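For what it's worth, my numbering labels the leading residue of the sequence shown as 99, then goes sequentially.
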Amino acid sequence: KKEYNKKYWPYQYTINDDYLRDFIVRDAERWCWDRFKGRYWSNHGRNFVFKREKDAVMFALRWA
99 KKEYNKKYWP YQYTINDDYL RDFIVRDAER WCWDRFKGRY WSNHGRNFVF
149 KREKDAVMFA LRWA
């Protein structure tokens, strides 16, 4: 499991839906690419991380 440094990526969320995990992760990645600039978010599997609070809040409201 990849770990992100909380100093640089203070907002971290994990998608917990195991039943449709792969489909949901792809959907969440596409959603992030459509809304955020690339350098302000990242993910590794189900773990999504954000540098900006407003991006993290939008993601949490939609996916977490």
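Built from N, CA and C at the ideal position, the CB exists for glycine as well.
Given the structure is predicted, the values throughout are model-derived calculations rather than measurements.
Under the DSSP assignment, residue 146 falls in the beta strand (DSSP E) whose first and last residues are 145-148. Annotation for residue 109: 148 and 154 place their beta carbon closer than 6 Å to its own, counting only its chain and skipping 5 residues before and after. Out of 135, 113 and 104, the CA that lies nearest to the CA of residue 126 is found in 113. Around the beta carbon of residue 121, a 10 Å sphere encloses fewer than 16 other beta carbons of the protein chains shown; the residue is thus reported as exposed. The C-beta of residue 141 has 16 or more other C-beta atoms within 10 Å across all chains shown, which makes the residue buried. Counting only unbroken stretches of 4 or more residues, the alpha helix (DSSP H) elements lying wholly within the region 101-138 are 119-133, in sequence order.
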